[in-house]
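Q:
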Amino acid sequence: MRYIRDTLALLATCALLQTGSAYAEDAATKITDDPLELTIHFHFRDKYVYTEGWPVEKKAAEWTGIHVKNIASLATSNSRDAFNLLMASGNLPDIVGGDVTGGLKDDFIRYGMEGAFMPLDDLIEENAPNLKKFFDEHPIVRQAISAPDGHIYFIPYVPEGEFSRAWFIRRDWLDTLGLKVPENVDELYAVLKAFREKDPNGNGKKDEVPYFAREPIEAVRLINMWDARVSGSERYGDFMIEGGKVVHPWTTANYKTGISKVAQWFKEGLIDTEVFTRGARVREYMLGNNIGGMTHDWFASTSNYTEALKDSVPGINFAPMLPPKTVSGKRFEDSRRATVQPAGWAISYSNQHPVETIKYFDFWFSEKGRILSNWGIEGETYDMVDGKPIYKETVLHNPKPVNAQMWEIGAGVPRGYWAAYASEEQWTNKMALDGIAMYEKEPGLLQPEFTGVSMNSEERAVYDKYWPSLLTYMMEMQQTWVLGAQDVDTSWDGYVARLDQLGYAKVNEVMQAAYDRQYGKN
Amino acid sequence: MATIIVGYFKRLGEDLRRDWQLYLLMLPMLLWFLLFLYKPMEGLQIAFKDFSPFRGIAGSPWVGLENFRTLLDDQIFIRAFLNTITISGLGLIFAFPVPIVLAIMFNELQSELGRRFSQTIVYLPHFISVVIVAGIVINLLSPTTGVVNLILSSLGLDRVYFLTQPEWFRTVFIGSNIWKEAGFESIVYLAAIAGISPTLYESARVDGASRWQMMWRITLPCILPTIIIMLIIRIGNLVEVGFEYIILLYQPATYRTADVVSTYVYRTGLQGTQYDLATAAGLFNAVIAFALVFAANRISRKVSTTSLW
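Below you can see the structure in the form of structure tokens.
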């Protein structure tokens, strides 16, 4: 074996001398000289599977010598089902991965501890310099994906960038009404009130909807104005970290104030009366009909509406603004990009080539692998300009969004890889980029993120027993209050008592124990 | 005892030889039952286990009645169970008679063309997917642009945001279900009516009976066995409310009346991947459904001599 490898190295050197640098790079990324085929089950976002025909996959196979063959079936239109069926079959391929509703992080950890997946720590230490470097530079990622037994069982999809969502307001309406961008909660109230009363769209009808929202997580986002948070992560109704303690944001005193004020605003018509039933296409509806005034949503996608609607809604300028100052006088942005996505891939117990596999995983965290996984193929989707990958004009000026084009060739898919914000930046429009810059310039806007805890089986048993009903009840009361069916002040004590009855203290206790173990008491 | 069993198999053998074509026709259905309804029953044991898909059914440890205890301790589950009974019970009272009335009305229509036309119209909603029905309902009941609220406000009444008010959920749910299914369900009764011997009506007409009297004295009594069988089946489904339509219509704000066992199972069991708990809830439901059918059948046999078995 040794002999063969040396010979091949020699051959590679000869080839290098003959044909220049391309071969040298290949030699650096080659993991195995005998082409190796690894099987993978990778079903993601309910409609895609890992595809051998992806140009990115072909390129990776060419560079690494490892060809990945998908066994997940496209017949299933639910990635969660596909994953569960695979686990129940017990017959695992070499690599298992994907991205499903609700995330796979807990599954990787739980089944990893049950023996389905290999612990990766030693493999990384010995064979994966890029991953090791990445984890050393990003200890929070390592902590967030660690199992209760201290091991790492999967390589996650790691996003990059800080801000995800922002407050958007019809700046042209502000101009029409002679108002300034609201700086604090009182000004915000005045602005929304004016949107409601003063007919900023000028059609003579009182049809303006001052605040509208696309997702449940945004429906009550205005509680931020009273220093209350909606969630500690990008997941609706998640816990948050406050002074090292795990707390649910919907149990705090600020939440009580915030939700009662939001209920008040709702009653006054400042919030869309149908905010809970409007559905996902609310931005098209509200902005296209020239009736929506303000929302909280993703920078990039929301910024596109001003451009897209400039002909049908003349003068529209739906642009980001800084979060208004809260009642206590500070500014904060509740949402942020997740540090780690609960997606990625793991090595199953039956894999005969764990070393090659971890090297393959490592390849995607190398410079070359990272560019390949973000920008696609050089010369086809991007060019190197001053040492940096830049999308080709044909990609940027294509009716299809760039991310959709990338998915088609196998880039930007939720394998274990490190997304490059620079790639997204290249196709984000100017309004969003300016907005992000505005948010970045403001110090201390971001709130601490709750990156999740990994529970051991006793903790999980407690969590599973109580948490679903607790969340059900909290969501129910949240809507009940906003819709005005019950008064917050009179029903709050009953709410707290009921939470206790449903086991809030027990859930909180196991979350705290898991948090302390995973992130250390500090 | 032994002779009875031997005798039974002897007779079965003779029957098989004589009517083998009929038994052959029955075979596929029998196999379907065995494969899809009896074989999966072995999976019921996960209701008594701490189930992990990877460990498999055999590899997961037994936990006795722990899952059932969790369920019955959970106030949200209890509420979901009561909601299920309430929704089905109200459905039984309001929705069950509608197809019968419809069938009788169709039967009384004189014009053949008019009858076919109106039948097609009322069957049609059955073939619309629930997703679309829910979309129609949401639009009709929208507080700002919905027809219902436009009518209410033009009459000077207050607009009602139906889909976020727990008090309205059952009405909306059962009402739209009647619209969707009543026409199609009336087919069974129409078939039963078609089976009534015309001589009965002829002799009644000779005796000078009015149409109203014929309906009460001939049509209804003749389709009563069908009605009772349908009723028993309905009672068996009393603890069963399909979750798709509810999920499309409900909101956290209406959980108080809208959350049923199947949606509870969907949320905790499937979304939360707690298969053991979900199976326990399903089994709990099935046992109660069986008891209900058994009781309904008993009562029906005593009272009307019609029964399922």
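Heads up: the sequence lines are chains A and B, in that order.
Under my numbering, the residues of the first sequence are numbered 762 to 1283, in order.
Under my numbering, the residues of the second sequence are numbered 71 to 379, in order.
Built from N, CA and C at the ideal position, the CB exists for glycine as well.
In this text the structure is predicted, and so the values were computed from the model without any measurement.
For Gly-858/A versus Phe-803/A, is the C-beta distance shorter than 9 Å?
A: Yes.
Q: Quick one: list the residues of chain B neighbouring Pro-1160/A, beta-carbon separation under 7 Å, in chain order.
A: The premise fails here: Pro-1160/A is roughly 28 Å from chain B at the closest Cβ pair, so nothing lies under 7 Å.
Q: Name the chain A residues whose beta carbon is nearer than 7 Å to that of Tyr-325/B?
A: Here the neighbours are Thr-1233 and Glu-1237.
Q: Determine whether the Cβ of Tyr-193/B lies closer than 9 Å to any Cβ atom of chain A.
A: Judged by the 9 Å Cβ criterion, Tyr-193/B is not in contact with chain A.
Q: What residues match up with Leu-797/A in a beta bridge as DSSP calls it?
A: Answer is Ile-827/A.
Q: What residues in its chain sit with their C-beta under 7 Å from that of Asn-839/A, if we drop five residues either side in the sequence?
A: Counting only Cβ-Cβ distances below 7 Å, and skipping sequence neighbours, we find Asp-807.
Q: Please report the residue range of the beta strand (DSSP E) in which Glu-1003/A lies.
A: Unbroken beta strand (DSSP E) run through Glu-1003/A: 1001–1003.
Q: Thinking C-alpha only, which one of Pro-131/B, Tyr-334/B, Phe-187/B and Ile-303/B is nearest Ala-361/B?
A: It is Ile-303/B whose Cα lies nearest to the Cα of Ala-361/B.
Q: Just how far apart, CA to CA, sit Ala-1172/A and Phe-1060/A?
A: Approximately 22 Å between the Cα atoms of the pair.
Q: Which whole-angstrom value describes the C-beta separation of Phe-254/B and Tyr-193/B, a residue pair presumed to lie in contact below a C-beta threshold of 8 Å?
A: With 8 Å as the limit, Phe-254/B and Tyr-193/B qualify as a contact, their Cβ atoms being about 5 Å apart.
Q: Against chain A, with Cβ distances strictly below 9 Å, would Asp-144/B count as a contact?
A: Yes, contact with chain A.
Q: So with Cβ pairs under 9 Å, would you call Phe-869/A a contact of chain E?
A: Among the protein chains of the structure shown, namely A and B, there is no chain E.
Q: Which runs of the beta strand (DSSP E), 3 residues or longer, sit entirely within the stretch 842–872 of chain A?
A: Here the runs fully enclosed are 856–860.
Q: Which ranges does the alpha helix (DSSP H) cover as unbroken runs of at least 4 residues, wholly within the stretch 229–283 of chain B, from first to last along the chain?
A: Qualifying alpha helix (DSSP H) stretches, in chain order: 236–264 and 268–276.
Q: Going by beta carbon distance, what residues of the same chain come within less than 6 Å of Gly-1196/A, once the five residues before and after it are set aside?
A: So the list reads Ala-927, Phe-1060 and Pro-1081, once near-sequence residues are dropped.
Q: Mind checking who Pro-1085/A pairs with in its DSSP beta bridge?
A: Per DSSP, none; premise fails for Pro-1085/A.
Q: So for Ser-1109/A, helix, strand or coil by DSSP?
A: In the structure shown, Ser-1109/A sits in a strand (DSSP, three-state: E or B).
Q: So with Cβ pairs under 9 Å, would you call Asp-329/B a contact of chain A?
A: Chain A contact via Cβ: present.
Q: Which runs of the alpha helix (DSSP H) fall wholly inside the stretch 1221–1270 of chain A and span at least 4 residues, in chain order?
A: Runs of the alpha helix (DSSP H) inside the stretch 1221–1270 of chain A: 1249–1262.
Q: Taking the continuous alpha helix (DSSP H) assigned at Phe-915/A, which residues delimit it?
A: Unbroken run through Phe-915/A: none, as it is neither H nor E.
Q: What are the residues that DSSP puts in a beta bridge with Met-1199/A?
A: According to DSSP, Met-1199/A bridges with nothing at all.
Q: Is the CB-CB distance between Thr-1018/A and Arg-1044/A below 9 Å?
A: Cβ atoms of Thr-1018/A and Arg-1044/A: not closer than 9 Å.
Q: Within the same chain, show all residues whose beta-carbon is closer than 7 Å to that of Lys-1267/A, passing over the 5 residues directly before and after it, in chain order.
A: Answer for Lys-1267/A: Val-1223 and Tyr-1227, listed in chain order.
Q: Would Glu-1035/A count as contacting chain B if we go by Cβ distances under 9 Å?
A: Closer than 9 Å to some Cβ of chain B, the Cβ of Glu-1035/A qualifies, so yes.
Q: Within the same chain, show all residues whose beta-carbon is closer than 8 Å to that of Lys-1086/A, passing over the 5 residues directly before and after it, in chain order.
A: Only Glu-944, Asn-945, Val-946 and Arg-1092 meet the Cβ criterion.
Q: How do the stretch 1147–1155 of chain A and the stretch 905–914 of chain A stand: do at least 3 beta-carbon pairs fall below 8 Å, yes or no?
A: Result no; under three Cβ-Cβ pairs closer than 8 Å.
Q: Beta carbons nearer than 7 Å to chain A: which residues of the stretch 220–249 of chain B have them?
A: Per Cβ criterion, the list reads Tyr-231, Leu-233 and Thr-234.
Q: I'd like to know if the stretch 1185–1199 of chain A and the stretch 826–836 of chain A are in contact, where contact means that at least 3 CB-CB pairs between them fall below 8 Å.
A: Not touching, per the Cβ criterion.
Q: Along the chain, where does the alpha helix (DSSP H) that runs through Gly-1049/A open and close?
A: Unbroken alpha helix (DSSP H) run through Gly-1049/A: 1043–1049.
Q: Counting beta carbon pairs with one atom in the stretch 1034–1041 of chain A and one in the stretch 969–989 of chain A, are three or more of them shorter than 8 Å?
A: The answer is yes - the stretch 1034–1041 of chain A touches the stretch 969–989 of chain A, with three or more Cβ pairs under 8 Å.
Q: For Tyr-1234/A, is the beta carbon positioned less than 8 Å from some heavy atom of the ligand HEM?
A: Looking at this structure, you won't find the ligand HEM or any other ligand, since it has none at all.
Q: What residue range is occupied by the uninterrupted beta strand (DSSP E) comprising Phe-147/B?
A: From DSSP, Phe-147/B is part of no beta strand (DSSP E) but of the alpha helix (DSSP H) over 145–165.
Q: Tell me whether Ser-782/A sits in a helix, a strand or coil according to DSSP, three-state version.
A: Low confidence applies to Ser-782/A: its pLDDT is 42, below 50, so where it sits in the model is not reliable enough to give any reading.
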